[in-house]
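Chains as they are written, first to last, in our numbering: chain A, 2 to 197; chain B, 2 to 197. Think of the CB as a built atom: it goes at the ideal place given N, C-alpha and C, for glycine as much as any other residue.
There are 2 protein chains.
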Amino acid sequence: MELALLYSGGKDSSLAALILDAFYDVELVTAHFGLTADFEHGRQAADALGFPFDTVELDREVAEKAVGLMLDDGYPRNGIQRVHEHALESVAERDVVAIADGTRRDDRVPTVSRATAQSLEDRHEVDYLAPLSGFGRSAVDRLAERELVVETGPSGEIPRADYEGELRALIRAEHGTEVVNSVFPAHDQTIVRGRA
Amino acid sequence: MELALLYSGGKDSSLAALILDAFYDVELVTAHFGLTADFEHGRQAADALGFPFDTVELDREVAEKAVGLMLDDGYPRNGIQRVHEHALESVAERDVVAIADGTRRDDRVPTVSRATAQSLEDRHEVDYLAPLSGFGRSAVDRLAERELVVETGPSGEIPRADYEGELRALIRAEHGTEVVNSVFPAHDQTIVRGRA
Chain A
2 MELALLYSGG
12 KDSSLAALIL
22 DAFYDVELVT
32 AHFGLTADFE
42 HGRQAADALG
52 FPFDTVELDR
62 EVAEKAVGLM
72 LDDGYPRNGI
82 QRVHEHALES
92 VAERDVVAIA
102 DGTRRDDRVP
112 TVSRATAQSL
122 EDRHEVDYLA
132 PLSGFGRSAV
142 DRLAERELVV
152 ETGPSGEIPR
162 ADYEGELRAL
172 IRAEHGTEVV
182 NSVFPAHDQT
192 IVRGRA
Chain B
2 MELALLYSGG
12 KDSSLAALIL
22 DAFYDVELVT
32 AHFGLTADFE
42 HGRQAADALG
52 FPFDTVELDR
62 EVAEKAVGLM
72 LDDGYPRNGI
82 QRVHEHALES
92 VAERDVVAIA
102 DGTRRDDRVP
112 TVSRATAQSL
122 EDRHEVDYLA
132 PLSGFGRSAV
142 DRLAERELVV
152 ETGPSGEIPR
162 ADYEGELRAL
172 IRAEHGTEVV
182 NSVFPAHDQT
192 IVRGRA
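Okay, here's the thing in C-alpha cells:
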C-alpha cells in the first residue's frame, strides 16, 4: 500500500515514517514553493533513513497569503496552518492509498482536526494518518533519541525542508531580517542525519 | 522500553500492539473486575499474536458506579468512559516507561483528551500513547484486514475481554437481559484469532 508522507527532514516526520514503514510503502514528500532549494535537506534526510523521496510544488499564491496573515497577526501560527492544509491537499492528489504527516499530540500548529481529516479523506478517497497524534512530547523525544541521529539548533540556523524557511525568505526579501525575527519567535528545530 | 497496553483482544488494541511492537517491549494487559472469566479471551488473542499477557484487577466499586450511570443514562457511554479511565489509572501503576490503549480517531467512547493524557503522564511518570488516535475507521479496517485474522459479530455473542461483557453480566444479574439490551445498542465487535 503506497503512502505519501509530508516530510520536513525533522524529527517528527522522520519518526512518523519509521512507524508507518511496517505497514505501508512509504514515500517521503517535501512540499515547497520553489522559492529556495531547502527541499534538498529533505532529500538528504530521506536518503539517510533509506526512504524514497519526492517533492511536490505548492501554489505560490498560498505563500503570499500566508505571509500576509503572518505580518497582520505578528505571529506565524495561522499562516503555517494555511500552508500545511494546502500541502496536505496537494499530497492527497497523488496516486496513493494513504497520506500522512508528523503532527504530534502536543503541537499547537499545524493541527488537523477530525473534521478536516474526514473532509480530506472523503474528497480525495485516501486515508489520512497522523501516527504521532497519540504521542506526547516526552514519548517522541524518547523514541527519537533511541531511533534517530538528530541535529538540534535554533530555527533559521538548522537546515530544514519545511515551509518555514521559504516563508522566512519571502518575508526577508520584502521586509528585511528584523521583521522575520519579530514574526518568528526563537525556537529549536531538528534535522535528521540518520538512524541510531 | 517496557510498555503496558490495555488489551481487549479486539481489532483495535491488537493493531495498536503491532504498531508499538517495533519500538517497545509490549505487554498486553486485560483489565477486569473479577466478575467473569472473559479476560481469558484476551489471553488467547495475545497468545495467538505472540505477545506476553497479564491481567490487572479493577475496583469493583467502579463497576457498580458505571452500571449506575448506564442505567440512569439509558446508554453506556459515560459508564464505559469511567471504567476506561479507571483502567488506565490502574495500568499506569505498573513498572513501565509507557502505557497505551487502542482508542481510534473516530471513537465516540472511550476518548482520552489531551488534558487527561497529560494528567495521567504527570501523576504516574509514564508516557501515555494512543497509536491509533491518528487513524480513521477506514485505515484501521484496511490494516486489520492485511495484518490480522479477525472474527466479527454482534456484541454479546463475540467473546471479548473488554469491560462490556462484565458490565453486561452485572446488569443482567440485577436487572435481567431486557435491561441489558435496552442499555447496550446492537453493535458489532471483533476478536482477533491471529496474524494474517
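If you check each beta-carbon in the segment 83-104 of chain B against every beta-carbon of chain A, the ones closer than 7 Å belong to A99. Excluding residues up to 5 positions away in sequence, L7, I100, D102, V113, L121, Y129 lie with their Cβ nearer than 8 Å to the Cβ of L89 of chain B in the same chain. The three-state reading of DSSP puts R194 of chain B in strand, counting E and B together. Here P155 of chain B is bridged, per DSSP, to B:D189. Taking the Cα of I172 of chain A as reference, the smallest distance to any Cα among A:A162, A:S183, A:D163 is reached at A:S183.
From the listed residues B:G137, B:L50, B:F24, the smallest Cα separation to S9 of chain B is found for B:L50. F40 of chain B sits in a helix when the DSSP states are folded into three classes.
For L171 of chain B, no chain A residue has a C-beta closer than 8 Å to its own C-beta; the minimum C-beta separation is roughly 30 Å. Interface criterion met: the Cβ of L130 of chain A is under 7 Å from a Cβ in chain B.
In the DSSP assignment, Y25 of chain A falls outside any alpha helix (DSSP H) and carries neither an H nor an E.
At a Cβ-Cβ threshold of 7 Å, L72 of chain B and N79 of chain B do not count as neighbours. Chain B has a Cβ within less than 7 Å of the Cβ of L144 of chain A.
When the five nearest sequence neighbours on each side are left out, the beta carbons in the same chain lying within less than 7 Å of the beta carbon of R83 of chain B are those of V63, K66, A67, L70, in order along the chain.
Here V150 of chain A carries a strand assignment [DSSP, helix/strand/coil]. According to DSSP, T31 of chain A shares a beta bridge with A:T56. The beta carbon of M2 of chain B lies closer than 6 Å to those of Y25, V98 in the same chain, with the five residues before and after it left out.
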